[in-house]
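Q:
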């Protein structure tokens, strides 16, 4: 079992490095422009490029952190490898915080302020909620409370704008509802609110499914399926405690 844990840690290191390498080429444009302070309103393609690049980098760390934390909890305190496991977890946490801080700085200083339409504003505020949520996953004490408040604030502001300005079938609106409901379930431990939010978003989209245009049909229906999957997971009577520990799908 100890050898298996060791191989798992090595695998996580390789996966994390690979994920970062793939994303570096995508984020170079953003880093150079951010350094010059000339990131203004951007096209949808560039906006999506930013999101995917950093999501790939942070996603590897989040996965590694979950696995290594699970291994740490199951490792006997007398095991000499416990120190190594703890050191690696703290390294991953440090990298995760650094990435999230970079993204949040970019959002607050440039992208949210320069968003020229409601769609972009909602997109970036959702990202703000997402990256504070990632920080909340590894935070503790007063720091965690403040991080949770910041995450909820980003999501709520995006949600308020989207309800006024966007169709229920819009993929950005659906993605926001998906991630906001995951926040309620996993961070606030409030399955009732999580399910209410997810079900409302799904039902409203179903009611206006005929308004979907061809360009967004695939993205919207995919997110609707994720909403339904989460509802099934969260409301499952047979899953019991296993359901409480399960991760909800997110956008």
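Numbering (the UniProt record's numbering), first residue to last: 1 to 251.
Backbone N, C-alpha and C fix where the C-beta goes; we use that ideal spot for every residue, glycine too.
1. Taking the straight line between their C-alpha atoms, what separation do you get for residue 176 and residue 80?
2. Between the region 218-233 and the region 163-181, are three or more C-beta pairs nearer than 8 angstroms?
3. Helix, strand or coil: how does DSSP classify residue 250 here?
4. Looking at the structure shown, is residue 224 part of a helix, part of a strand, or coil, going by DSSP?
5. Quick one: what does DSSP say residue 187 is sitting in, helix, strand or coil?
6. Just the C-alpha distance for residue 26 and residue 50, rounded to the nearest angstrom, thanks.
7. Could you tell me the alpha carbon to alpha carbon distance between residue 159 and residue 110, rounded to whole angstroms?
8. Can the beta-carbon of residue 96 be found less than 8 angstroms from the beta-carbon of residue 134?
9. Quick one: complete alpha helix (DSSP H) runs, 4+ long, within the region 93-158?
10. Work out the CA separation of residue 161 and residue 138 for me, nearest whole Å.
11. Near residue 165, what residues of its chain come up, given a Cβ to Cβ distance below 7 angstroms and the 5 sequence neighbours on each side ignored?
12. Could you tell me whether the Cβ atoms of residue 201 and residue 174 are closer together than 8 angstroms?
13. According to the neighbour-count rule (16 or more other Cβ atoms, all chains shown, within 10 Å of its Cβ), is residue 156 buried or exposed?
14. Just to confirm, are residue 192 and residue 248 a CB contact at a threshold of 8 angstroms?
15. Can you tell me whether residue 73 is buried or exposed? The criterion is at least 16 other CB atoms within 10 Å of its CB, across all chains shown.
16. Over what stretch of residues does the alpha helix (DSSP H) that includes residue 72 continue unbroken?
A: Checking against the coordinates, here is how it stands:
1. The straight-line gap from Cα to Cα measures roughly 44 angstroms.
2. These segments touch.
3. Three-state result, residue 250: coil.
4. In the structure shown, residue 224 sits in a helix (DSSP, three-state: H, G or I).
5. Of the three classes helix, strand and coil, the one that applies to residue 187 here is helix, per DSSP.
6. Caution applies to residue 26, whose pLDDT of 47 falls short of 50 and renders its modelled position unreliable; the value that the coordinates give is listed next. CA-CA distance, residue 26 to residue 50, rounds to 7 angstroms.
7. For residue 159 and residue 110, the distance between alpha carbons rounds to 20 angstroms.
8. Going by beta carbons, residue 96 and residue 134 fall inside the 8 angstroms limit.
9. Counting only runs that start and end inside the region 93-158, the alpha helix (DSSP H) elements of at least 4 residues fall at 118-138.
10. Distance between the alpha carbons of residue 138 and residue 161 is about 29 angstroms.
11. Residues 118 of the same chain have their beta carbon placed closer than 7 angstroms to that of residue 165, with the five preceding and five following residues left out of the count.
12. Yes, the Cβ-Cβ distance between residue 201 and residue 174 is below 8 angstroms.
13. Here residue 156 is exposed: its Cβ has fewer than 16 other Cβ atoms, across all protein chains shown, within 10 Å.
14. When the beta-carbon positions are compared, residue 192 and residue 248 stay at least 8 angstroms from each other.
15. Per the 10 Å Cβ criterion, exposed.
16. Its alpha helix (DSSP H) spans residues 44-74.
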